[in-house]
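J.:
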Amino acid sequence: MKKILFLSVLAAVLLCACKKPEQLYDEQKSGVVMVINKYYYEMKLPSGYTLYFTGLDEDGNIQNFTEDVKEVKKNPAVSYGTAFFIDEKGGLLTNRHVASPPIDRDLVKKNFTAIMSALQQRAGAYMEELRNAYAQAEAEANSIVGYDEYGDLVTTDEERLQELVAAAKQMEQEYEEAQNAVEMLEQIKDPRGIEINPVCELGIALEGSSPKSENEFLKRHPCRVVRTAGAQEVDLALLKLTNEVT
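Here's what the structure looks like:
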């Protein structure tokens, strides 16, 4: 019986791909409800940093990678699926991949490490540019200063010397910041201990309603994940309406 129910849900889910909310609802309103999931992924690093992204593209690259949770919430990933009511208290049965979108965590960690290494290289290259610029500024400063007959330091261009001194101080500050960035990236790029989890906002369309947008799903009938199947081969999850019973 469970296998039949699972196959029914899976078949309904497959029919939902790439269609508008109202079209999906009209086709699926008999016997099942449609589920919308707006989500992103949270990446917690052992160092205490938290980063966010919305998934992987076709080439396996991390999409919309950011440290700003407000930014990722503006452009979340969106997926659709179906669910069946299983009781009168708002409980629903759906596929696990609908309730909690899967992600290749090993690939994410591999690409994360590659991104951090690339940033390190950029920072290192910038440090090299700063060293060269500092050496040029120092050489120019030496060319316009000297000592008078009394041994006092003098310059032939006081205004330019002050500009070079100010530029040197700025470069020293930027060099220190770049060096700190390289050290920080070295600490956080180790993929061991990284936790990756989806952050989901779910809603459903009930029979008799006619949602016209993604936000209508979420506002009218929000729901939450109660639990997902522990066994990897069992693609099932339980949802529950947040504020309603059936």
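1240 is the number that this note's numbering gives the last residue of the sequence shown; the numbers go up by one with no jumps.
Each residue gets a CB set at the ideal place from its N, CA and C atoms; glycine is no exception.
(1) Along the beta strand (DSSP E) that carries residue 1191, what are the first and last residues, could you check?
(2) Throw me the rounded Cβ distance for the residue 1095 and residue 1033 pair, which I believe falls under 8 Å.
(3) Would residue 1048 be called buried (16 or more neighbouring beta carbons within 10 Å of its own) or exposed?
(4) Could you tell me which residues DSSP pairs with residue 1037 in its beta bridges?
(5) When you compare only the Cα positions, how much space is there between residue 1229 and residue 1037?
(6) State the beta-bridge partners of residue 1056 as determined by DSSP.
(7) Relative to the C-alpha of residue 1227, which residue among 1091, 1172, 1131 is closest?
(8) Could you spell out the range, first to last residue, of the beta strand (DSSP E) harbouring residue 1085?
(9) Is DSSP giving residue 1138 helix, strand or coil here?
(10) Identify the continuous alpha helix (DSSP H) that holds residue 1160 and give its terminal residues.
(11) For residue 1047, is the beta carbon positioned less than 6 Å from some heavy atom of the ligand PLP?
(12) Quick one, are the C-beta atoms of residue 1039 and residue 1182 less than 7 Å apart?
(13) Considering only the beta carbon of each residue, do residue 1035 and residue 1192 sit closer than 7 Å?
(14) Excluding five sequence neighbours on each side, which residues of the same chain lie with their C-beta closer than 6 Å to the C-beta of residue 1085?
(15) Compute the beta-carbon to beta-carbon distance between residue 1232 and residue 1215, rounded to the nearest angstrom, for a pair I have assumed lies under 8 Å.
(16) So which of 1111, 1220, 1135 has the shortest CA-CA distance to residue 1162?
T.: Quick look at the numbers:
(1) 1189 to 1199
(2) 6 Å
(3) buried
(4) 1045, 1190
(5) 23 Å
(6) 1050
(7) 1091
(8) 1085 to 1088
(9) coil
(10) 1152 to 1182
(11) The model on display carries no ligand, and the ligand PLP is accordingly not part of it.
(12) yes
(13) yes
(14) 1234
(15) About 16 Å separates the two Cβ atoms, so there is no contact after all.
(16) 1135
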